[in-house]
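Undergrad: Next up is a structure, given as structure tokens.
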Amino acid sequence: MDKNLVERLNELEILLVYQDDTLQATQQTLQIQQRQIQQLERQLQLLSEYLKSLKDPQVKAPNEETPPPHY
């Protein structure tokens with residue numbers, strides 16, 4: 001093989017190794033972020049359920065209340 005061709009092939013192999021490492025690191029980061037998103041979604045759901053449980057159905061919203069008699 002031509003020496004120049006061998007050098008180019010070696011450079012391509014090195015680039016491929018770097019790209020593979022970068023791809024693996026990106027996949028790991030993506031997996032971590034996906035787990036974090038799932039945790040945040042669950043926390044949001046729990047918080048939403050908690051806030052709904054705090055609402056007293058007997059208490060009306062201010063715009064639904066009838067004004068006091070002195071108005």
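According to the UniProt record's numbering, the sequence shown is numbered sequentially starting from 1.
Where a beta carbon is used, it is the ideal one built from N, C-alpha and C, also for glycine.
When you compare only the Cα positions, how much space is there between L46 and T22?
TA: 36 Å
Undergrad: Straight-line CA distance for Y18 to A25?
TA: When rounded, the distance between both Cα atoms is 11 Å.
Undergrad: Looking at the unbroken alpha helix (DSSP H) that takes in K3, where does it start and where does it end?
TA: K3 to L54
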